[in-house]
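K.L.:
Questions regarding the structure given below will be posed in turn.
In the working numbering, the protein residues as written are 189 to 764.
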C-alpha cells in the first residue's frame, strides 16, 4: 500500500511538472507565432502584388489564430486575438465582401467576450462598432458601442463610441440631410446580403483567380462568384436620380482619340495617390503593441456621371492636378462632334481578343473540373480565326496558358492602337441552375449582382477598391461609352440568335454594365463577353464542347462585323 501511494505521488509530481512545462512552452509558442504573424501582416500590407491574393491574407490570419490557440490563457492571448481581428479587417479592405466584414466584427467582439477587462478589449469593441457602421450594419454598430460604453465607460474608446451607442432612431435623425438630397453618392461597398433569388451571385476566388464553386463561401479574381466573390477590388454605385435624359446626354458625350493621353495621366495620378495613401496608412504599431487603428477611407461624394463633371465655366486647370486633367479631358469631349468609332469610319479593322485568366489564374472551375481559363482560350483562338477570315487584324493578349495581368491586357490593346477590345470569359454563380449568355461594358455597377461580378473579375488587379474610387470621378469623360454599348448589343444579339440555332435553348441575360478593371483604361470600345455559366453542370459540358465553342466564336465575330458595318454606314452618311 505504501508503494502504491508513493507511486501515485510521484506520478502527480511528474504530471504537475509536465503541465507547468507545457504552459511555459505554450506561452513561448504564443509569443513566437504572434510576432511572426505581426511581421507577416506588415509585409503583406506593403506588398502590392501579394495583398491582392486571398490566400495570403488567410495565411496571416491562421498564424495569428494559432498564436491565440497556443496559450488561450496566456498574457498575450488578447493581443493576438486583436491582431487576428485586424487582419480580417485588412482582408475586408481588399475584398469588400460583406461576409469578410462580418467575420472581422465578430472577431473584434470575441476579444471582449474571451478577455473581458483586458487592455485590448475596449479598442476591439470600438473597432467592431466603427467597422459595422462603415458597412451599414447600424444594429451591430450600436450593439458593440453600447457594450463598450457600459463596460469601459471611462476609457477614451468609450467616449469615441458614444455617438454610435445612441438609439438607432436618434442616429437616423442626426444623420438626416437638412438640404436637398445629394444625388448618386457611392456607397462604400456592395450589399451582399438579402440577394435576389433571380440575380446570379458572383464567384469568389481563393487565390489569384476564381475559386472552385462550392456552397460554402469565403470571399476576395476576376468576375464571378465562387463563394462570395472578393467583392474586392470594386464598389457599387447607386443609380443617378433626377433628370434622366439630360444626365444621359451629358454622360454620353464622346472624347476624341487625341484625349487618350490625358486619360492615362488621370489614371497614373490616381495610382500614385493610392500608393501614397497605402504607405501612409500601413503605419507601425502603437506603444502598447496593438495593431494600428484603421482609418476609414475618405468618401468621394457625388460620384454619379453628372456629379463628376465640372461646372460649365472653369478656371484654367493647374498642371499636374488630376482633377484639372479630368476637366481638360471633359472639355475636349464637349468639342467632339462625333464618336471615336464614327471618326474612325472605314478604318475599324484591328481587334484585340482577350482570353480571360490564364496561368496561375484559373478563373472559375466547374463542377466537373473544367477551368474557365481553358475554355476562354479555346473560344478566343477560334474567334481570332473567324475575325481574320472576315478581314480583321487580330491580336491575342495571350496565346497559351500564360498569366497576363489585367493592366498588361489593356496596355497591349492601347499600344497596338486597336479599334475594338473583346474579352472572353465564362460566368459562374452559387445557384448552379443559372445558365445563359450576357455581355458587359464598362460602367459603375448599378446593382448587387453587377458589383459582385465586377469585383470577382477585378480581384487579380493590384488596385484596391479605394484606388478604383479615385478613378471613378473621371469615368464620365471616358471615350467610346455609346460605341461600347452598341458593340455589346450587336454581340449579345448575335450570340443569342446564333447559339439558339446551334445548340437549342439559350438564356438571354442582355447587355449590362459594371466596373471591370480589364476594361478600365482602354482607348477603344471594349466589352466583356460571358459565354455561359460554367457553374451549371449542363452548361459546363456545353462550354467544353467544340461545337459550342465554335458557335460562340462565330456569333461574336458576326456581332463585331455587324457593329463595324453599322459604323461604316454611319461614317459614309456623315461624309459630305
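Note that CB positions come from ideal geometry on N, CA and C, so glycine has one too.
Rank 588, 581, 576 and 582 by C-alpha distance to the C-alpha of residue 564 and give the top, closest one.
P.N.:
It is 588.
K.L.:
If you compare alpha carbons, which of 624, 232 and 310 is closest to residue 342?
P.N.:
Considering only alpha carbons, the answer is 310.
K.L.:
With respect to the beta strand (DSSP E) encompassing residue 587, which residues constitute its N-terminal and C-terminal limits?
P.N.:
First-last for residue 587: undefined, no H or E at that position.
K.L.:
Could you pull the start and end residues of the alpha helix (DSSP H) that residue 253 belongs to?
P.N.:
Taken as a continuous stretch (DSSP letters only), the alpha helix (DSSP H) holding residue 253 covers 242-258.
K.L.:
Starting from residue 718, trace the beta strand (DSSP E) both ways and give me its first and last residue.
P.N.:
Unbroken beta strand (DSSP E) run through residue 718: 714-721.
K.L.:
When you compare the segment 269-277 with the segment 215-233, are there three or more beta-carbon pairs, one atom per stretch, that lie closer than 8 Å?
P.N.:
Short answer: they touch.
K.L.:
Between which two residues does the alpha helix (DSSP H) containing residue 682 stretch?
P.N.:
Segment 669-691, the alpha helix (DSSP H) holding residue 682.
K.L.:
If the criterion is Cβ atoms closer than 8 Å, does the pair residue 578 and residue 749 meet it?
P.N.:
Going by C-beta atoms, residue 578 is nearer than 8 Å to residue 749.
K.L.:
Apply the 10 Å Cβ neighbour rule to residue 726 and answer buried if 16 or more other Cβ atoms are within range, or exposed otherwise.
P.N.:
Residue 726 is exposed by the Cβ-count criterion.
K.L.:
Would you kindly check if the distance between the Cβ of residue 741 and the Cβ of residue 558 is under 8 Å?
P.N.:
No, Cβ-Cβ distance for residue 558 and residue 741 is not below 8 Å.
K.L.:
Return the residue from the list 319, 353, 230 and 747 that minimises the CA-CA distance to residue 575.
P.N.:
The residue with the shortest Cα to Cα distance from residue 575 is 747.
K.L.:
Between residue 541 and residue 610, which are expected to be in contact by the criterion C-beta below 8 Å, what is the C-beta distance as a whole number of angstroms?
P.N.:
That pair is a contact at about 5 Å.
K.L.:
From this set, 582, 284 and 328, which residue's C-alpha is nearest residue 745's C-alpha?
P.N.:
With distances taken between Cα atoms, residue 745 lies closest to 582.
K.L.:
Less than 6 Å between C-beta atoms, sequence neighbours within five positions excluded: which residues of the same chain meet that for residue 629?
P.N.:
672, 673, 676, 701 and 715, listed in sequence order.
K.L.:
Report yes if the C-beta distance between residue 179 and residue 694 is below 8 Å; otherwise report no.
P.N.:
Summary: the structure shown does not reach residue 179, with the chain confined to residues 189 through 764, and so no result is reported for it.
K.L.:
Would you report the Cα separation of residue 447 and residue 350, rounded to the nearest angstrom?
P.N.:
Model confidence at residue 447 stands at a pLDDT of 48, short of 50, so the residue's coordinates are unreliable; what they give is reported in the following sentence. Answer to the nearest angstrom: the Cα atoms are 50 Å apart.
K.L.:
How is residue 345 classed by DSSP in three states: helix, strand or coil?
P.N.:
In this structure, residue 345 counts as helix in the three-state DSSP scheme.
K.L.:
Are there 16 or more other CB atoms within 10 angstroms of the CB of residue 433, so buried, or fewer, so exposed?
P.N.:
Any reading at residue 433 must be qualified, since the residue scores a pLDDT of 36, below 50, and its modelled position is unreliable; the value itself is stated next. Classification of residue 433: exposed, given that the 10 Å Cβ count is below 16.
K.L.:
With residue 538 as the anchor, note down where its beta strand (DSSP E) starts and where it stops.
P.N.:
Residue 538 -> beta strand (DSSP E) spans 538-543.
K.L.:
Please list, in chain order, all residues of the same chain as residue 256 whose beta carbon is under 8 Å from its beta carbon, the five residues on each side excluded.
P.N.:
Hits under 8 Å: 218, 265, 268, 269 and 272.
K.L.:
Classify residue 283 as helix, strand or coil using the three-state DSSP reduction.
P.N.:
Looking at residue 283 - three-state DSSP - the assignment turns out to be helix.
K.L.:
Quick one: using the 10 Å Cβ neighbour count with 16 as the cut-off for buried, is residue 220 buried or exposed?
P.N.:
Exposed.
K.L.:
In whole angstroms, give me the CA-to-CA distance for residue 594 and residue 612.
P.N.:
Residue 594 and residue 612: Cα-Cα distance of roughly 13 Å.
K.L.:
According to DSSP, simplified to helix, strand and coil, what is residue 631?
P.N.:
Residue state, collapsed to three classes: coil.
K.L.:
Rounding to the nearest angstrom, what Cα-Cα distance links residue 720 and residue 614 in this structure?
P.N.:
Cα to Cα, residue 720 sits roughly 5 Å from residue 614.
K.L.:
Leaving out five residues on either side along the sequence, give the residues of the same chain with a beta carbon under 7 Å from the beta carbon of residue 216.
P.N.:
Nothing listed; no residue qualifies.
K.L.:
Assign residue 607 to one of three DSSP states: helix, strand, or coil.
P.N.:
Of the three classes helix, strand and coil, the one that applies to residue 607 here is coil, per DSSP.
K.L.:
Which stretch, first to last residue, makes up the alpha helix (DSSP H) that contains residue 706?
P.N.:
Premise fails: residue 706 is in no alpha helix (DSSP H) and is neither H nor E.
K.L.:
I'd like to confirm the pairing. Which residues does DSSP put opposite residue 559 in its beta bridges?
P.N.:
Residue 559 pairs with 553.
K.L.:
Checking 8 Å against the spacing of the C-beta atoms, do residue 214 and residue 262 come in under that value?
P.N.:
For residue 214 and residue 262, yes; Cβs fall inside 8 Å.
K.L.:
Return the CA-CA distance between residue 753 and residue 679, expressed in angstroms with no decimal places.
P.N.:
Residue 753 and residue 679: Cα-Cα distance of roughly 13 Å.
K.L.:
Going by DSSP, what residues sit across from residue 323 in a beta bridge?
P.N.:
For residue 323, which the question treats as bridged, DSSP gives no partner whatsoever.
K.L.:
If you drop the 5 nearest sequence neighbours on each side, which residues of the same chain put their C-beta closer than 6 Å to that of residue 245?
P.N.:
So the list reads 279, once near-sequence residues are dropped.
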